[in-house]
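Remarks on the structure that follows.
Residue numbers (our numbering), protein chains in the order written: chain A, 1 to 186; chain B, 187 to 788.
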């Protein structure tokens with residue numbers, strides 16, 4: 001039986017964020033009207049991606065190395081993502097958020113969010129080492145070589161997947177993830 | 187409605203068959219249904235759990251990424267599974283889970299509100315099964331499957347109908363079969379009942395029950411037939427006995443009758459009917475009073491009632507009237523027949539014609555009376571001439587002594603002696619006839635006094651012989667004083683007379699034997715040869731012809747006469763040379779004459 005046990009404080013916090021989805025469902029999502037709500041959802045999605053994707057062991061420096069979510073370019077999430085990630089784990093690893101700004105992508109990143117305003121996206125992506133999941137905005141991101149792209153579909157946040165790119169980077173995407181994706185390309 | 191126990195065996199058998207078959211079928215059916223239903227439920231739960239787990243697992247991503255469409259699609263897969271009333275996915279949010287997506291193939295089904303605890307309010311119609319949706323160890327939602335129990339109910343209804351159908355068919359078949367099979371029991375029983383009814387109604391013991399089987403009923407029939415055969419045999423035996431009795435009774439010269447325990451005459455033989463000239467119907471019961479002499483009636487009725495009351499044999503002499511009106515003396519005897527427990531079942535009686543005997547007895551009695559009268563008169567009348575002979579021979583001997591020569595004196599002595607002997611003889615004869623005719627005394631006498639008187643009379647002889655006479659305490663007895671004295675005098679006189687060489691020792695004593703007083707007079711005399719112990723009581727019987735033992739030989743005859751007149755008995759116990767003991771009995775006052783007639787043997 002499903003039960004909301006008090007000991008699962010983390011889970012109860014997760015609920016807070018999932019609650020945000022409800023707002024998305026019932027409140028029409030206008031582009032630019034409430035950016036923080038949209039990005040709150042996307043931040044939660046980023047966290048969820050870690051649950052449905054398997055990283056190769058080589059992606060980490062060692063056993064104790066944290067799971068790093070890196071934000072390249074301008075950070076659209078603000079403090080929301082920090083709240084979401086706080087206390088979360090990816091497997092056995094602690095989750096941390098690194099804001100890279102315009103700097104180069106370090107080897108330690110496992111998930112790289114590429115902001116929409118970044119130039120030379122394709123260039124940046126092509127230079128990335130394997131073992132890094134790339135998440136960006138819009139269809140162009142996949143064409144530029146990204147793996148998962150957020151899209152707004154029928155006023156809801158969804159995503160497309162480039163399975164080929166992900167596999168090339170040594171990532172294994174769960175079939176469940178693929179089923180909920182809007183589009184999956186090889 | 188008859189109670190079950192009174193119903194015919196046929197119905198009972200049918201009922202038993204139906205009830206046992208019915209209960210067995212019902213139990214089997216219900217058991218089957220229960221087991222099936224339980225198994226079905228547990229199987230169902232297992233199947234549904236597996237299904238729910240798969241779906242819950244497949245729904246994690248959809249729930250995680252807020253993809254209702256995909257979740258609906260996942261739930262849509264349930265349409266392949268029949269009887270799913272609905273499937274609901276709830277997402278954990280805030281305090282209470284909220285419905286995320288639902289699948290409702292059944293009309294009118296709506297996902298209910300999930301409780302905060304994650305439970306579903308139970309309904310009769312649906313079986314619900316909740317499965318958590320877990321993402322990375324966290325429960326992010328709940329899948330609830332609703333299974334339409336209509337299927338189970340349908341199954342139960344179907345099974346129930348089937349079982350009912352089988353039940354009815356089986357009962358019908360069982361009834362049909364038992365109808366045929368129970369004949370095996372019911373028919374022999376019915377035959378047996380018919381046979382017993384026939385026997386009991388007609389009394390015909392030659393009827394036999396037909397044996398149809400070798401089972402207990404067959405044995406019963408055999409035993410019943412054996413019983414009938416034995417009854418028939420016994421009946422024949424009784425019939426034969428009855429015929430034999432009737433033949434015996436009819437062929438006897440005597441008159442025979444039987445009476446019931448309460449005295450009603452229920453049978454007279456042919457001799458009775460011929461004697462009285464009346465029909466049996468006229469004389470049965472108490473009809474005998476009609477031909478009994480009126481003078482004998484009262485005594486007969488009293489004695490008959492006595493016998494009926496006590497069960498003692500009936501014994502009576504009475505006169506019955508013949509068809510020609512003349513009365514004849516009969517001896518009537520009747521004995522009670524008793525059953526094993528001693529109750530009187532009937533009386534059997536005979537009436538013997540004793541008329542001739544009775545008349546001869548009467549003649550004899552008169553002749554005897556005449557003879558005694560004659561003997562008394564004769565001896566009385568003889569006394570005087572005899573006394574004259576004695577007196578005058580005395581006178582002649584005294585006054586004319588010188589005139590006679592020796593021979594004459596010797597002859598005169600013979601004459602004198604003969605006269606004395608004749609006088610004694612006549613005296614004793616007179617005493618004997620007196621004893622025969624004397625009135626019996628109603629008074630009691632003290633036997634000791636009577637003995638004393640006798641001893642006084644015998645005092646001279648006792649002194650001369652040097653005898654010693656002793657006696658115990660003697661009782662008072664019912665006898666005339668003179669008579670008892672006479673007995674003692676004769677017995678002690680004899681003892682003195684028939685003495686041995688030793689001085690006589692005589693002892694008198696008395697004791698009770700039954701209803702009698704028994705006296706004994708014991709001596710130490712010469713004794714009596716047992717050969718003569720009967721004869722000595724006859725008149726003029728003397729065993730010794732010794733001149734010393736002079737006597738008339740009438741004494742013991744007189745004793746016997748007296749004792750027998752009082753209903754007693756006298757006898758002697760002796761052996762030659764060893765003394766003699768004379769014994770006699772005297773009935774106790776108040777004892778009935780019948781018992782007094784029979785001396786006790788003890």
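Positions of the beta carbon are idealized from the N, C-alpha and C atoms, including for glycine.
Remember, it's a predicted structure, so these values are computed and weren't measured experimentally.
- Between residue 177 of chain A and chain B, the shortest Cβ-Cβ separation is below 7 angstroms.
- Annotated three-state conformation of residue 712 of chain B is coil, per DSSP.
- Inter-residue distance for residue 448 of chain B and residue 532 of chain B is about 8 angstroms (C-alpha atoms, whole angstroms).
- Of the residues assessed, residue 51 of chain A falls on the buried side of the cut-off, its CB having 16 or more other CB atoms within 10 angstroms.
- Around residue 404 of chain B, the same chain offers 397 as residues with beta carbons nearer than 6 angstroms, after the five sequence neighbours per side are excluded.
- Around the CB of residue 753 of chain B, 16 or more other CB atoms lie within 10 Å, so the residue is classed as buried.
- DSSP, read as helix, strand or coil, puts residue 269 of chain B in coil.
- Between residue 256 of chain B and residue 180 of chain A a beta carbon distance of about 5 angstroms is seen, short of the 8 angstroms cut, so the two are scored as contacting.
- Here DSSP, grouped into helix, strand and coil, assigns residue 587 of chain B to coil.
- When rounded, the separation of the alpha-carbon atoms in residue 186 of chain A and residue 340 of chain B is 50 angstroms.
- Judged by beta-carbon spacing, residue 43 of chain A lies beyond the 7 angstroms limit of residue 67 of chain A, meaning their Cβ atoms are not closer than that value.
- Between the alpha carbons of residue 145 of chain A and residue 326 of chain B lies a gap of roughly 33 angstroms.
- For residue 172 of chain A, the nearest beta carbon of chain B is not closer than 7 angstroms to its own beta carbon.
- Here the alpha carbon of residue 602 of chain B sits roughly 9 angstroms from the alpha carbon of residue 578 of chain B.
- With contacts defined as CB atoms closer than 7 angstroms, residue 329 of chain B and residue 337 of chain B fail to qualify as a contacting pair.
- Excluding the 5 residues flanking it on each side, residue 748 of chain B has same chain C-beta neighbours closer than 7 angstroms at 621, 669, 672, 673, in chain order.
- The alpha-carbon of residue 433 of chain B is positioned some 51 angstroms away from that of residue 559 of chain B.
- For residue 52 of chain A, the chain B residues whose C-beta falls within less than 7 angstroms of its own C-beta are 247, listed in chain order.
- In the assembly as shown, residue 231 of chain B is an exposed residue. Its beta-carbon has fewer than 16 other beta-carbons within 10 Å.
- Taking 7 angstroms as the threshold, the shortest C-beta distance from residue 359 of chain B to chain A does not fall below it.
- Chain A places no beta carbon closer than 7 angstroms to that of residue 206 of chain B, leaving this residue out of the contacts.
- Out of A:100, A:182, A:161, the CA that lies nearest to the CA of residue 173 of chain A is found in A:161.
- At a cut-off of 7 angstroms between beta-carbon atoms, residue 135 of chain A makes no contact with chain B.
- In the structure shown, the three-state DSSP call for residue 479 of chain B is coil.
- Annotation: residue 507 of chain B is outside any alpha helix (DSSP H); the continuous beta strand (DSSP E) that includes it extends over 500-507.
- DSSP, reduced to helix, strand and coil, places residue 103 of chain A outside both helices and strands of the structure shown, so it counts as coil.
- Under the Cβ criterion of 7 angstroms, residue 251 of chain B is counted among the residues facing chain A.
- Contact between residue 114 of chain A and residue 170 of chain A is ruled out by a C-beta separation of about 19 angstroms, above the 8 angstroms threshold.
- The C-beta separation of residue 509 of chain B from residue 500 of chain B comes to about 25 angstroms, leaving the pair out of contact by the 8 angstroms criterion.
- Residue environment: residue 142 of chain A is assigned as buried (16 or more neighbouring CB atoms within 10 Å of its CB, all protein chains considered).
- For residue 474 of chain B, no beta strand (DSSP E) encloses it, and the DSSP letter there is neither H nor E.
- In the pairwise beta carbon analysis, the segment 116-133 of chain A is classified as touching the segment 51-62 of chain A: at least three pairs are separated by under 8 angstroms.
- Of all residues in the segment 42-67 of chain A, only 45, 48, 51, 52 come within less than 7 angstroms of chain B when Cβ atoms are compared, listed by chain position.
- In this structure, residue 300 of chain B and residue 237 of chain B do not form a Cβ contact; the two beta carbons are roughly 19 angstroms apart against a cut-off of 8 angstroms.
- Collapsing the DSSP output to three states places residue 171 of chain A in coil.
- Minimum Cα-Cα distance from residue 667 of chain B among the listed residues B:762, B:375, B:441, B:630 corresponds to B:630.
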